[in-house]
């Protein structure tokens with residue numbers, strides 16, 4: 014059974030991007046996630062304990078995370094949870110890893126801009142830099158947007 018989780022938090026480390034000898038793009042970073050609660054006695058918001066996760070993304074997602082996500086930014090991550098116990102000499106612990114299915118900026122805290130990739134090569138690198146002729150034509154919106162007719166709800170496929 015695979016558990017899926019969605020988290021919000023701060024990117025705590027600079028994302029580390031590698032491409033394996035087989036051409037697999039992998040990007041990982043540490044995510045710090047904490048909850049805030051209102052303390053009535055102090056009449057203020059206080060931070061709770063911080064949970065730490067290692068977020069790993071593969072292929073095209075890994076390439077996009079490497080170029081879009083930076084240390085200190087607030088993000089939303091959705092993916093599969095893996096909990097691993099480890100031992101190293103006299104030290105031991107538990108690591109919680111997230112194999113990301115989706116990563117994006119948390120728009121509660123700011124604005125972001127999206128650029129769609131057109132062509133993805135082996136290893137996940139974008140090759141759309143000089144593919145401007147492949148971009149769709151922009152949609153023209155009339156100056157008087159009130160002249161646009163609303164669509165009937167039956168016309169909208171849901």
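In this note's numbering, the protein residues as written are 14 to 171. Beta carbons are placed, not taken as given, at the ideal position from N, Cα and C, and that holds for glycine.
Query: Short Cβ contact (8 Å threshold) for residue 116 with residue 22; Result: no
Query: One or two residues paired with residue 102 in a DSSP bridge; Result: Its beta-bridge partners do not exist; DSSP assigns none.
Query: 8 Å Cβ cutoff met for residue 16 and residue 94; Result: yes
Query: DSSP beta-bridge partners of residue 212; Result: This structure leaves residue 212 out entirely; the chain is present only between 14 and 171.
Query: Residue 116 - partner residues in DSSP beta bridges; Result: 90
Query: Proximity to residue 74 [Cα-Cα], best of 57, 37 and 61; Result: 37
Query: Among 86, 102, 106 and 113, nearest to residue 121 - alpha-carbon criterion; Result: 86
Query: Candidates 124, 114 and 125, of which the one nearest residue 19 by Cα; Result: 114
Query: Nearest residue (CA-CA) to residue 126, options 109, 80, 102 and 98; Result: 80
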